[in-house]
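In UniProt numbering, the protein residues as written are 1 to 643.
Cβ atoms here follow ideal geometry from the backbone N, Cα and C, with glycine treated the same way.
See below for the structure under consideration.
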Amino acid sequence: MAPPKGKAKRASVVTPLVLYRRALTAIKGWSPTNNTAADVEAISALTACCAALQAKLGLAAATASPDAGATAVAANSDGSSSGAAAAGLEPALAGLEGLEKGMASYGACVKHNLDLDFEDWEDEPGFLLACAHLELGRLLGRTCPPRGTTELAHLRAAVALFPGFVAGRHALAQALLARGDAQSDLDAAEQLLRSCLATCRRLAAATGEAGEAEMEEEEAGKGRGEGGGEGGGGGQGEGQGEAGEEGREEEGQGGLLLEANAACRREWEAAAGVRRSLAMLLCQAGRDREAAPVLRALDFTHRLARPVLHYPLDPLLSTASPSTSAATPSAAASGPGPHGHERYCAAVDCALPPALLGVLRAALAPGSRYWAQHGYGRVGYFSYMHELGSPHLSAVHDAAVLLHRLAAARFPAVREAKYAEWWAHCRRHPSGHQLHFDSDDEGAGGVRNPVVSSVIYLTGEVGGPTLVTPQTLGGPLADRGWLIHPRQNRLAMFDGSFLHGVIPGRGASPHPAQHRITLMVAFWRDIQCRPRTDGLPGPSQPFPGSAPAACDAAAASATATSATAVGGATAVGGATAVGGADGTAGRYTWMSDLPPHPEGPDGWGSTNPVDALPTPIPRVWECVDGGEAQPGAVQYDACFQGF
Numbered sequence: 001m002a003p004p005k006g007k008a009k010r011a012s013v014v015t016p017l018v019l020y021r022r023a024l025t026a027i028k029g030w031s032p033t034n035n036t037a038a039d040v041e042a043i044s045a046l047t048a049c050c051a052a053l054q055a056k057l058g059l060a061a062a063t064a065s066p067d068a069g070a071t072a073v074a075a076n077s078d079g080s081s082s083g084a085a086a087a088g089l090e091p092a093l094a095g096l097e098g099l100e101k102g103m104a105s106y107g108a109c110v111k112h113n114l115d116l117d118f119e120d121w122e123d124e125p126g127f128l129l130a131c132a133h134l135e136l137g138r139l140l141g142r143t144c145p146p147r148g149t150t151e152l153a154h155l156r157a158a159v160a161l162f163p164g165f166v167a168g169r170h171a172l173a174q175a176l177l178a179r180g181d182a183q184s185d186l187d188a189a190e191q192l193l194r195s196c197l198a199t200c201r202r203l204a205a206a207t208g209e210a211g212e213a214e215m216e217e218e219e220a221g222k223g224r225g226e227g228g229g230e231g232g233g234g235g236q237g238e239g240q241g242e243a244g245e246e247g248r249e250e251e252g253q254g255g256l257l258l259e260a261n262a263a264c265r266r267e268w269e270a271a272a273g274v275r276r277s278l279a280m281l282l283c284q285a286g287r288d289r290e291a292a293p294v295l296r297a298l299d300f301t302h303r304l305a306r307p308v309l310h311y312p313l314d315p316l317l318s319t320a321s322p323s324t325s326a327a328t329p330s331a332a333a334s335g336p337g338p339h340g341h342e343r344y345c346a347a348v349d350c351a352l353p354p355a356l357l358g359v360l361r362a363a364l365a366p367g368s369r370y371w372a373q374h375g376y377g378r379v380g381y382f383s384y385m386h387e388l389g390s391p392h393l394s395a396v397h398d399a400a401v402l403l404h405r406l407a408a409a410r411f412p413a414v415r416e417a418k419y420a421e422w423w424a425h426c427r428r429h430p431s432g433h434q435l436h437f438d439s440d441d442e443g444a445g446g447v448r449n450p451v452v453s454s455v456i457y458l459t460g461e462v463g464g465p466t467l468v469t470p471q472t473l474g475g476p477l478a479d480r481g482w483l484i485h486p487r488q489n490r491l492a493m494f495d496g497s498f499l500h501g502v503i504p505g506r507g508a509s510p511h512p513a514q515h516r517i518t519l520m521v522a523f524w525r526d527i528q529c530r531p532r533t534d535g536l537p538g539p540s541q542p543f544p545g546s547a548p549a550a551c552d553a554a555a556a557s558a559t560a561t562s563a564t565a566v567g568g569a570t571a572v573g574g575a576t577a578v579g580g581a582d583g584t585a586g587r588y589t590w591m592s593d594l595p596p597h598p599e600g601p602d603g604w605g606s607t608n609p610v611d612a613l614p615t616p617i618p619r620v621w622e623c624v625d626g627g628e629a630q631p632g633a634v635q636y637d638a639c640f641q642g643f
């Protein structure tokens, strides 16, 4: 029987907007336990969304099922990772190829106006299509390993459709900066950031449709210089001299577009993030006069000093092979060093036996299962801990013993340490780590510092230096500091109670596509073991498959329960995945890449450590205008770090 009034009931239709929202839900719901399933669903749904919108615009025929995002998840519904995860993404990634023909014919079809809204996608499909490409680009940059080339292609597609797209241009600039393989990447990023600020100023002054076409035409003209990443003229055009900040007062007035259209207001609100990116780029290029008004616009009164952000390059950078350069004593070690650094930090070259270094480098290489299985880059801080003197379950356990010996010879107090906590990082050249204090459980419940923190550089000549300062929690701003440049097999050590961080590598990468890979080991008198049963990474976890004495009875019970659930844990070197006190329930296999030496730490062979002097920095902080930072009550949040 027909429904009342004779109208037939319409079947539910999976529209491009439904697919887009489904993808956002999958992205928001991502976790290490469902990583492949979530990424496959998001990529598939966004691909289907783009294909349908391309067809509506007459750019290409739809090639994907309109409900592809609903069915693609079945491929890896268990959220498995490592090699299986990479294989599980491939079908979804292959589906992106069907969009390339349509992307090649994109042209400007979206502008800021009062009707800019997802709900109007049937009349104005270009905005939703640009946003779908933006989300695809962002997601592809977060996968492990990142799909950098495809990431850039989709971000450029978003900007091609919507030349004035602040979010799209900012994301593209960030992707170019994160890569930093050539000066042309940095120049193109600067041009994009400046044009974003120009758009934000115009949005604040706009009163609707009038004048909007002219604005978008100008923005489109600026975008042509970015093209394939060969944009130059970093300081040319809009925003030349003082970074275009002279017109920022307009932004506070608010125009009709900002009041009446939420999408346009979100675009305008992105200006703060754009300014941060531009300020960092200018500071690292040594263009401090241009950076100052940008920093003032962000309400910063102080900044990391010029010798920090525009740090002196490692004088030992050369074309020598890694093995040769790592064994060469530091030139700084032969000359007079800065007085007083010994209390705060030290550095040693040739720290680990070559065989052990090789195992660590292979296990923590970009794309290894250690990073994939933890969801590195998409989760918060995570670390592992063990008691010094406990059974050696991995090569990291062996390395901790050898590094502890080196640290004890330079910081005698570390002999009192009973525990080692370790974590690792794999970063591109322009990536840094904000200044911080190492603390148990990230400072929850009060700050508790390790006796000594250490960094072993598994790669060299890529990325920025480690900065160590004498600044303590609650104390005045540091008046000096020391830089330790990354060199393969160099060990940096410092008192764990002092402020430190990693300065982003400045300029183009000296070795494009390579990574700054480090292993950190902190030595503690006491630290609480924090096993998890939810399968997620976290701080101070026991080594998978172990139940160290540091764990309490509840942790041991969790270990037994998890091991029973997966049929027991195998030896670390075995092929079966290991669960344990961390609740991973058999997800982890990365431990097999880090086998301990059967003869213990000394079985890896010998080495000949050579002391290297850190590079002294005369000041760490300064006023935005370049003046000396005066001792006193300066709010830490008012100090620009930029990363």
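- Scanning its chain for C-beta atoms nearer than 8 Å, with the 5 sequence neighbours on each side dropped, one finds around Leu139 the residues Ile27, Asp39, Ala42, Ile43 and Leu46, in chain order.
- In this structure, Leu309 is the residue among Gly273, Leu309 and Pro366 with its C-alpha nearest to the C-alpha of Leu282.
- Taken atom to atom, the span from the alpha-carbon of Phe640 to that of Leu295 is near 8 Å.
- With contacts defined as CB atoms closer than 9 Å, His404 and Val396 fail to qualify as a contacting pair.
- Inclusion of Leu364 and Leu458 in the CB contact set at 9 Å is warranted, their separation being smaller than that value.
- At a Cβ-Cβ threshold of 9 Å, Gly137 and Ala178 do not count as neighbours.
- A direct Cα-to-Cα measurement between Pro430 and Val620 gives close to 20 Å.
- In this structure, DSSP gives His500 an extended state, which the three-state scheme calls strand.
- Ranked by how close their Cα comes to the Cα of Ala153, the residues Glu97, Asp479 and Gly474 have Glu97 in first place.
- As the crow flies, the alpha-carbon of Gln635 is around 17 Å from that of Pro470.
- A direct Cα-to-Cα measurement between Leu278 and Pro539 gives close to 33 Å.
- Annotation for Met385: no alpha helix (DSSP H) segment contains it, though the beta strand (DSSP E) segment containing it runs Tyr384 to Glu387.
- Here the alpha carbon of Leu406 sits roughly 8 Å from the alpha carbon of Ala351.
- Two segments are said to touch when three or more pairs of C-beta atoms, one from each, lie closer than 8 Å; by this definition the region 105-123 touches the region 262-274.
- Partner residues in the beta bridge of Val452, as assigned by DSSP, are Asp495 and Phe523.
- By the beta-carbon neighbour count (other beta carbons within 10 angstroms, threshold 16), Gly627 is exposed.
- By the neighbour-count definition (other C-beta atoms within 10 Å, threshold 16), Leu473 is an exposed residue.
- Burial state of Thr149 is exposed, judged by a 10 Å Cβ sphere holding fewer than 16 other Cβ atoms.
- Nearest to Gln174 by C-alpha distance, out of Pro163, Leu186 and Phe165, is Leu186.
- Around Gly367, the same chain offers Pro145 as residues with beta carbons nearer than 6 Å, after the five sequence neighbours per side are excluded.
- With fewer than three CB-CB distances shorter than 8 Å, the region 496-513 does not count as touching the region 352-362.
- In this structure, the beta-carbon distance from Trp590 to Tyr370 falls below 9 Å.
- Per the C-alpha coordinates, the member of Arg22, Arg490 and Glu269 positioned closest to Pro609 is Arg490.
- Residue environment for Tyr588: buried (at least 16 other C-beta atoms within 10 angstroms of its C-beta).
- The alpha-carbon of Arg147 is positioned some 40 Å away from that of Leu477.
- In this structure, Val468 sits away from Phe411, with a CB-CB distance that is not shorter than 9 Å.
- Judged by DSSP secondary structure, Cys264 falls within the alpha helix (DSSP H) whose first and last residues are Ala262 to Glu269.
- In the three-state reduction of the DSSP assignment, Val468 falls in the strand class.
- Residue range Tyr419 to Arg428 is occupied by the beta strand (DSSP E) that includes Tyr419.
- Under the DSSP definition of a beta bridge, Thr615 partners with Leu483.
- Separation of Arg448 and Gly102 (C-alpha to C-alpha, rounded to the nearest whole angstrom) is 56 Å.
- In the DSSP assignment, Asp349 forms a beta bridge with Val610.
- Distance from the CA atom of Ala51 to the CA atom of Leu99, rounded to whole angstroms, is 6 Å.
- Three or more Cβ pairs closer than 8 Å define a contact, and the region 418-434 falls short of that threshold against the region 491-499.
- Shown here, Pro542 sits in a strand according to DSSP, grouped into three states.
- Under DSSP, Glu628 forms a beta bridge with Glu622.
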